[in-house]
Amino acid sequence: MNTRYRRLKWNSILALVYQVILIVTGLILPRCFLYFYGSEVNGLISSITQFLSFINICDLGISAVVSSAYYKPLADRNTAQISRVFAYSKRFFRVVGCILTGYIAVLLAIYPTLINHTFDYWFTATLIAAMGISQLGQYFIGITYQLLLNADQKSSVQLLVNGSTLLVNTAVSVALMVSGAPIQLVKLATSLIYLLRPLLLYLYVKKHYELDLTVAVDRSVVPQKSSGIIQHIAYMIYENTDVMVLTVFSTLKNVSVYSVYTLVTNCIKQLITAATTGVQALLGNMLARGERQELRRFYTLYDWCVHTVSTLLFTVTGLLIVPFVKVYTAQITDADYEAPLFAALICLAYFLSSIRNCNYTLIRAAGHYRQTQAASLIEAVTNLSLSIVCVFRFGLIGVAFGTVAATAFFVVYEMIYFSRNIVFVRKTHYLKLFATDALTAAVGIGAAMHIRIFTGSLLSWLLQAALAFAVCAAVSLIVQLLFYRENLLAVKKRILRGIFGRKSC
4 MNTRYRRLKW NSILALVYQV ILIVTGLILP RCFLYFYGSE VNGLISSITQ FLSFINICDL
64 GISAVVSSAY YKPLADRNTA QISRVFAYSK RFFRVVGCIL TGYIAVLLAI YPTLINHTFD
124 YWFTATLIAA MGISQLGQYF IGITYQLLLN ADQKSSVQLL VNGSTLLVNT AVSVALMVSG
184 APIQLVKLAT SLIYLLRPLL LYLYVKKHYE LDLTVAVDRS VVPQKSSGII QHIAYMIYEN
244 TDVMVLTVFS TLKNVSVYSV YTLVTNCIKQ LITAATTGVQ ALLGNMLARG ERQELRRFYT
304 LYDWCVHTVS TLLFTVTGLL IVPFVKVYTA QITDADYEAP LFAALICLAY FLSSIRNCNY
364 TLIRAAGHYR QTQAASLIEA VTNLSLSIVC VFRFGLIGVA FGTVAATAFF VVYEMIYFSR
424 NIVFVRKTHY LKLFATDALT AAVGIGAAMH IRIFTGSLLS WLLQAALAFA VCAAVSLIVQ
484 LLFYRENLLA VKKRILRGIF GRKSC
């Protein structure tokens, strides 16, 4: 098997394992926050997390363009050029780390005044400080090494490190909560455990790469920086709009409801993203080598896989998310977590987001930041403006609608752009995919919605989930056999080749 595809296979397998760990731990911890501290503290944690992640705007899209700059020298094994890109990346992200320190100081002063004095100043400020420590380690050390490993199709290293620290953190956090520790101590423990991540990545890169750390920093080694900045700012606005709008114009209880539903949908989206881990590096390698026919063939199969899996998983999620939330928030009475219309909209939004992000890997691999920056800005402005306008009258439904509209715009833009650039795929390819997506979802929902064995218990939900998934998977298989038989056979061949080797296939 080609080394590139072998790395893709192992990266994807480890990413899926990591995602399963992330989903399980991601369900355990928020439920514990709700049980031990209540909905408002859970909403506060979600809000602070979102505000801290907004510092990613200072990344200025450099991580994306740095990754693109690595592909050619890694393909050519040009150690000198790799060292120059690494040196630029290292200096830049240390500056971001310094900015992050200042940003946390500003949050300590301002953020507690945004939450209508639900909690006293020191409660909120100490929580912000405890949660911000691990991000400092990420920018001062970790991200520089992470970008190099990911571009070299070695994301498996990062996944092993992250998975191990995630399990340790979950065990420590639960133990602290059970013992009655304050939420600030729980989050401080999390930050200290996560500081191990950048340290371990540093040790791995030091051992396995012969980098010239004395090379002078050269800004020209990373092109299209200004376009990367615009793209990144636009995406940060798009990604963080919902929680920020709810925090400022609504209530922390609504933030908590939003965070519980998106906990589920985000797990599904990340599961899909995990399955495609390493695809960007593979696409970048193909582009660097000028393998245009192989690129187009792989992309069309990859795009079909993303659509098929996303449709199946989000159809099932749409059927099961409200009953799941009922089980998940049982005995939590300080907020109303039953919101079926919001659930439907947020599932649609995350389905479109999964399609958007998986296709965006091709834009990043090709380095087409300048060409697509206008569309990114329109997407961000659309999400922000619609969410603010709609939140006053429709609350949670309003922000979900804003996300659906903005994401749908960018997905349509990607379809048009790829038909004219990079892979030159016909528009009918995308139209057929979305038509089969709609057919699969409609028939699956129609067939599975009659399964009604949920009685409010976890066991009954699991049984309903298993039956609903089986029905929707059967519908998806039949539809794909009717319209994409060749793609099914191609995926089957790849799977068998990966398991038994080339000769067995």
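My numbering puts the first residue of the sequence shown at 4, with every later residue one more than the last. Ideal Cβ positions, reconstructed from N, Cα and C, are used throughout, including at glycine.
If you draw a straight line from the alpha carbon of residue i to that of residue j, how long is it in whole angstroms?
i: N14; j: Q156; result: 8 Å
i: M289; j: I448; result: 39 Å
i: P343; j: V328; result: 10 Å
i: V177; j: L32; result: 7 Å
i: Q467; j: F457; result: 6 Å
i: L389; j: F404; result: 8 Å
i: V325; j: L470; result: 16 Å
i: T439; j: S463; result: 31 Å
i: V267; j: S158; result: 24 Å
i: F427; j: T303; result: 10 Å
i: R9; j: N243; result: 35 Å
i: L179; j: N172; result: 10 Å
i: N45; j: A219; result: 46 Å
i: F122; j: S42; result: 13 Å
i: V181; j: A133; result: 19 Å
How far does the alpha helix (DSSP H) with residue i in it extend, from its first residue to its last?
i: E43; result: 42-56
i: H371; result: Element bounds for H371: n/a, residue is neither H nor E.
i: Q141; result: Per DSSP, Q141 belongs to no alpha helix (DSSP H) and is neither H nor E.
i: M180; result: 158-181
i: G293; result: Looking at the DSSP string, G293 is not in any alpha helix (DSSP H), and its letter there is neither H nor E.
i: D79; result: 65-79
i: T94; result: The residue asked about is misnamed: residue 94 is Arg in this sequence, not Thr. Start and end: 82-113.
i: T276; result: 255-278
i: I211; result: Sequence check: residue 211 is His here, not Ile. It spans 199-211 - the alpha helix (DSSP H) in which H211 sits, taken as one unbroken run.
i: T431; result: 430-451
i: L462; result: 461-486
i: I400; result: 399-423
Mind checking residue i: buried by the 16 CB within 10 Å criterion, or exposed?
i: L492; result: exposed
i: L510; result: No information on residue 510 is available, as it lies outside the stretch 4 to 508 that the chain covers here.
i: K496; result: exposed
i: I113; result: exposed
i: I233; result: buried
i: E382; result: buried
i: I419; result: exposed
i: N81; result: exposed
i: A445; result: exposed
i: A237; result: buried
i: K209; result: exposed
i: I481; result: exposed
i: A338; result: buried
i: Q334; result: exposed
i: F96; result: buried
i: Q22; result: buried
i: F317; result: buried
i: T127; result: buried
i: L461; result: exposed
Q: May I ask you to verify whether the stretch 357-365 touches the stretch 267-277, counting CB pairs closer than 8 Å and requiring at least 3?
A: yes
Q | Three-pair Cβ contact test at 8 Å for the stretch 86-97 versus the stretch 292-301 | A | no
Q | Touching by the beta-carbon criterion (3+ pairs, under 8 Å), the stretch 364-376 and the stretch 75-83 | A | no
Q.
When you compare the stretch 93-110 with the stretch 253-265, are there three or more beta-carbon pairs, one atom per stretch, that lie closer than 8 Å?
A. no
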